[in-house]
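Residue numbers (this note's numbering): 1474 to 1673. A virtual CB, placed ideally from N, CA and C, is assigned to each residue, including glycine. Structure record follows, encoded as structure tokens.
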């Protein structure tokens, strides 16, 4: 979707059985990145490090490296470390979404980007709960928004949505979680511009 010459559609969605053939789960995302920006599709191999004090260089800052990462495929802008979306060997899929938050900045210091968080959620994660645990320390006690959807975490972190999908999504969704649905909105990015989120 677009408003004049300004594109604003950036949406992630999932299709689950029985709506798919052969028990497949479909994860898809479009993006409103600049049209001339180079996008890379990269494969990241699994790594095992014995020293947890090692650091990894993200787009703007360094963060501590964890001991084990998993193989994943990422789609990312060439200029940054982070990724728009990705999927790892354990079936965790994450898509980045912009949310135009009204929460004021607490700092102007260099920090993680939403794309960095997508990559950090994908590489070291084999369960949705583990992904959330891995990302918690990066918040440094700051505000974080969490909503459960389809048994996975939609984590509102730094004004971005991270969608994690696990293979038991349908079963856990039915048994454990309440959902939110939106009305009269074209895409996720526009949710805050209308009073369109209601509790089921």
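- [ ] Would you list the residues sitting across from residue 1545 in a DSSP beta bridge?
- [x] 1517, 1561
- [ ] Can you grab the Cα-Cα spacing for the pair residue 1492 / residue 1563, in whole Å?
- [x] 22 Å
Task: One or two residues paired with residue 1725 in a DSSP bridge - done: The structure shown does not extend to residue 1725, since the chain is modelled only from 1474 through 1673, so no value can be given for it.
TODO: Identify which residue in 1594, 1538, 1495 has its Cα closest to the Cα of residue 1520.
DONE: 1538
TODO: In the DSSP assignment, find the beta strand (DSSP E) that holds residue 1568 and state where it starts and stops.
DONE: 1566-1571
Task: residue 1641, buried or exposed, once every other Cβ within 10 Å from all chains shown has been counted against 16 - done: Because the pLDDT of residue 1641 is 37, which lies under 50, any placement of that residue in the model is unreliable, and the number read from its coordinates should be weighed accordingly. Exposed, by the Cβ-count rule.
TODO: Tell me whether the beta-carbon of residue 1542 lies closer than 8 Å to the beta-carbon of residue 1586.
DONE: no
- [ ] Compute the Euclidean distance between the alpha carbons of residue 1582 and residue 1496, then round it to the nearest angstrom.
- [x] 46 Å
Task: Paired residues, beta bridge with residue 1502 - DSSP - done: 1485
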